[in-house]
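In the UniProt record's numbering, the protein residues as written are 1 to 185. All C-beta atoms in this analysis are idealised placements derived from N, C-alpha and C, irrespective of residue type, glycine included. Inspection log for the structure reproduced underneath, given as structure tokens.
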């Protein structure tokens, strides 16, 4: 009998505390009960799936890089020292890095043209037809490799001075200047 009394008392207490199931309308914070819907992917018609992909927006065409004539103008501007001719090809801002210096990061077009004086005094001839075996290690250099875009105009002067113009979206977005030995560090 002693066992029955505590169980009976406990049952009465629980019934008096609130008993029954909660009413979701009474409590605004109640979460809806999730419903599981069975699907059978095996019944999907492949022709129907193909129709869905046709409605999707096509991938945008990549922006064209600089034309052959534009690239020639950039090369001529460096070899002649007339760097003002490059300004129209530059993004604004343009990232400019001079190896082993604190210069310059993102700067205006006009400032970038001024900074190109770093390489215009290099003795010619300039070689803008560098073999991949020369340029590929530069592209993977841990300090400067990120400045190469894969669409670059890269030249080397007779004394080892380097200039590289990284092209993205039809504009020069990055300029790297320095010496060939700078890639060794």
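Run through the DSSP bridge pairs and tell me what residue i is partnered with.
i	result
residue 175	96, 165
residue 90	172
Tell me which residue opens and which closes the beta strand (DSSP E) that residue i is part of.
i	result
residue 114	Careful: residue 114 lies outside any beta strand (DSSP E), inside the alpha helix (DSSP H) at 109 to 115.
residue 159	From DSSP, residue 159 is part of no beta strand (DSSP E); its letter is neither H nor E.
Should residue i be labelled buried (16 or more other beta-carbon atoms within 10 Å of its own) or exposed?
i	result
residue 126	buried
residue 140	exposed
residue 110	exposed
residue 89	buried
residue 99	buried
residue 145	exposed
residue 104	buried
residue 164	buried
residue 129	exposed
residue 166	buried
Let's see if you can read the secondary structure: which residues bound the alpha helix (DSSP H) around residue i?
i	result
residue 72	68 to 80
residue 134	132 to 139
Measure the C-alpha to C-alpha separation of residue i and residue j and round it to an integer number of angstroms.
i	j	result
residue 112	residue 132	27 Å
residue 138	residue 123	22 Å
residue 161	residue 108	23 Å
residue 136	residue 119	21 Å
residue 91	residue 173	5 Å
residue 85	residue 94	15 Å
residue 181	residue 159	11 Å
residue 96	residue 69	23 Å
residue 87	residue 178	20 Å
Per DSSP, what kind of secondary structure is residue i in: helix, strand or coil?
i	result
residue 101	coil
residue 154	strand
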